[in-house]
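Residue numbers (my numbering): 7 to 122.
Report on one structure; see the data block that follows.
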Amino acid sequence: MRKTYRFTCIVCPLGCSVEVEVEDGKVLRVRGHTCPRGKEWAVQEVVSPRRVVMTVLPVENGALPTVSVKTAEPVPKEKIPELMRFLAGLTVKAPVKIGDVVAEWEGIKIVATRGA
Ligand code: SF4
């Protein structure tokens, strides 16, 4: 069955309207992108969508009670609930500096986005 997916590309502020035509799980055509990065993003959005995950973790003995963190790379959307369960069990020990890797999950680094 043929299906067309329509997206607003989020790779840069231009926000091109991109269409990806798919048949039986195979990408037939991509239209509307202005650059190769947008095409690559739109195809990935159809084939295997990914997101950078951001959250807040508690800090033990910190100047602040929590620290904001994010994954160092986008995570497959279907794995996000599993990642969130892992993150829910974490506490970070102070001191924490921005950019510190506070944990790792399935090879993906969890990075502090501020100090605490
Ligand atoms: S297709 Fe290219 S130019 Fe258009 S929004 Fe995406 S990244 Fe930006």
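Glycine included, every Cβ here is placed at the ideal spot set by N, Cα and C.
Under the rule that a run must span 4 or more residues, the alpha helix (DSSP H) segments found entirely inside the stretch 25 to 106 read 42 to 53 and 86 to 94. Of the residues Gly68, Arg91, Leu20 and Asp30, the one whose Cα lies closest to the Cα of Val59 is Arg91.
In the DSSP assignment, Ile114 falls within the beta strand (DSSP E) that extends over Ile114 to Ala118. With the criterion CB distance below 5 Å from any heavy atom of ligand 1, the matching residues run Cys15, Val17, Cys18, Leu20, Cys22, His39, Thr40, Cys41, Arg43 and Gly44 along the chain. Here DSSP, grouped into helix, strand and coil, assigns Val108 to strand. Nearest in C-alpha terms to Val28, of all of Val52, Trp111 and Pro64, is Val52. Taking 9 Å as the cut-off, the Cβ atoms of Glu25 and Thr40 do not count as close.
In the same chain as Val65, and ignoring 5 residues on each side of it, the C-beta atoms closer than 8 Å to its own belong to Pro71, Thr72, Val73, Thr97, Val98, Lys99, Ala100, Val102 and Ala122, in chain order. Here Phe13 has Val24, Ala48 and Glu51 as same chain residues with Cβ atoms under 7 Å from its own Cβ, once five neighbours each way along the sequence are excluded.
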